[in-house]
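First the structure, in the form of structure tokens, and then the observations on it.
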Amino acid sequence: MLKDLFNRRRQYVTVGTGEEAPEARPARPAVERDVPKGLVQKCDGCGALLLAKELQKHLYTCPECNHHFRIGARTRIEITVDEGTFREMDARLASTNPLGFPQYEEKLEAAMRATGLLEGVVTGEAELDGVPIVIGAMDPGFMMGSMGSAVGERIARAMERAAESKRPLVLFTASGGARMQEGILSLMQMAKTSVALTRMVEARVLFISVITHPTTGGVSASFASLGDVIVAEPGAMFGFAGRRVVEQTMRQSLPDDFQTAEFNLKHGMIDKVVHRKQMRQTLGALVRIHTARGWAHGE
Numbered sequence: 000m001l002k003d004l005f006n007r008r009r010q011y012v013t014v015g016t017g018e019e020a021p022e023a024r025p026a027r028p029a030v031e032r033d034v035p036k037g038l039v040q041k042c043d044g045c046g047a048l049l050l051a052k053e054l055q056k057h058l059y060t061c062p063e064c065n066h067h068f069r070i071g072a073r074t075r076i077e078i079t080v081d082e083g084t085f086r087e088m089d090a091r092l093a094s095t096n097p098l099g100f101p102q103y104e105e106k107l108e109a110a111m112r113a114t115g116l117l118e119g120v121v122t123g124e125a126e127l128d129g130v131p132i133v134i135g136a137m138d139p140g141f142m143m144g145s146m147g148s149a150v151g152e153r154i155a156r157a158m159e160r161a162a163e164s165k166r167p168l169v170l171f172t173a174s175g176g177a178r179m180q181e182g183i184l185s186l187m188q189m190a191k192t193s194v195a196l197t198r199m200v201e202a203r204v205l206f207i208s209v210i211t212h213p214t215t216g217g218v219s220a221s222f223a224s225l226g227d228v229i230v231a232e233p234g235a236m237f238g239f240a241g242r243r244v245v246e247q248t249m250r251q252s253l254p255d256d257f258q259t260a261e262f263n264l265k266h267g268m269i270d271k272v273v274h275r276k277q278m279r280q281t282l283g284a285l286v287r288i289h290t291a292r293g294w295a296h297g298e
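Sequential numbering from 0 applies to the sequence shown in numbering that gives the first Met the number 0.
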């Protein structure tokens, strides 16, 4: 049954030259778009006032307390891969409104204008330290990175491409979960992406899941938790339901660091917590090691 759903998945999204989906506002250069407005940005972690240029120099992390600011998908990819090597895939694939949910089109258009993207994830091919990879990054600014049909489809296609080309897949997650405006079709993306991952397993292709703040709901309960290697940024929230829901269900208080990257590391849910400044180096080492051992070539 899951395979039948997987093969019928494309009826819930649209692909074309712009006639089927609203045109996104032309995006400014990625780094410029994600630089905080004004000359100074206040750190949410320690309250320090940081110059925008200084913040950019530190990859949008606070030099005082190491707080990691949220960044957009294109900036995430830009600071990760080798310069000039990224080639986007499925850039015209966007969600429709299959359930006729009220004001959903307006919300999509607002998200497009705010981010310069057509959907909440950007995928493509690139090189990392000279190693060819498939990469994807969810954008927390696009309806909180929620996973609708098009987001799930883009991610599934990236997984299929990785399996076919024998390239490692690096996927940055940032999501509030399934997109409520698409109902059960959003929940189906959990099964679809999990099925796509089995093809990577069969092809013996490396999948690195990188958890960023926040990664929750259906994303955390599906592909984000299925990486061969799972790393996370410091302080990133990683869990299914929110703290209040869990406390009310369990009827007991939870630790202050509950669902943080550090909490998940201590309880064996992730493999390593990596500062953003070391992320590129860490991911580069992982793909080189596994490529050298033949993992990424199906040997």
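Glycine included, each C-beta is placed from N, C-alpha and C at the ideal position.
Predicted, not measured: the structure shown is a model, and the values here were computed from it.
Identity of the residues DSSP links to residue i by a beta bridge
{"i": "S94", "result": "V12"}
{"i": "T259", "result": "M236"}
{"i": "L38", "result": "For L38, which the question treats as bridged, DSSP gives no partner whatsoever."}
{"i": "L50", "result": "V39"}
{"i": "F206", "result": "L168"}
{"i": "H67", "result": "T60"}
{"i": "M137", "result": "V120"}
Nearest neighbour of residue i, chosen from the options [CA to CA]
{"i": "K271", "options": "I210, V218, S219, S221", "result": "I210"}
{"i": "V200", "options": "V230, E163, A231", "result": "E163"}
{"i": "M278", "options": "V230, Q180, S252", "result": "V230"}
{"i": "R242", "options": "F257, T192, V120, P139", "result": "F257"}
{"i": "S185", "options": "A161, P213, A149, A157", "result": "A149"}
{"i": "V273", "options": "H66, I132, L54", "result": "H66"}
{"i": "L225", "options": "K106, V204, P139, G234", "result": "V204"}
{"i": "M142", "options": "R287, L107, A136", "result": "L107"}
{"i": "L334", "options": "T114, G147, K52, A110", "result": "Residue coverage of the chain in this structure runs from 0 to 298, which leaves residue 334 outside it and unanswerable."}
Collapsed DSSP secondary structure at residue i in the structure displayed
{"i": "H212", "result": "strand"}
{"i": "S174", "result": "strand"}
{"i": "H266", "result": "coil"}
{"i": "H316", "result": "The displayed coordinates of the chain run from 0 to 298. Any statement about residue 316 would go beyond what the structure contains."}
{"i": "F100", "result": "coil"}
{"i": "R75", "result": "helix"}
{"i": "L127", "result": "strand"}
{"i": "T281", "result": "helix"}
{"i": "E108", "result": "helix"}
{"i": "H289", "result": "helix"}
{"i": "E82", "result": "coil"}
{"i": "A23", "result": "Any reading at A23 must be qualified, since the residue scores a pLDDT of 49, below 50, and its modelled position is unreliable; the value itself is stated next. Correct three-state label for A23: coil."}
{"i": "A223", "result": "helix"}
Contact under 8 Å by Cβ, residue i with residue j
{"i": "G144", "j": "G175", "result": "yes"}
{"i": "G129", "j": "D81", "result": "yes"}
{"i": "L48", "j": "K41", "result": "yes"}
{"i": "R275", "j": "T60", "result": "yes"}
{"i": "T79", "j": "L117", "result": "no"}
{"i": "V218", "j": "T172", "result": "yes"}
{"i": "A125", "j": "F100", "result": "no"}
{"i": "A177", "j": "G216", "result": "yes"}
{"i": "V120", "j": "E87", "result": "no"}
Cβ of residue i within 8 Å of any chain B Cβ
{"i": "M158", "result": "Among the chains of the structure shown, chain B does not appear; only one protein chain is present."}
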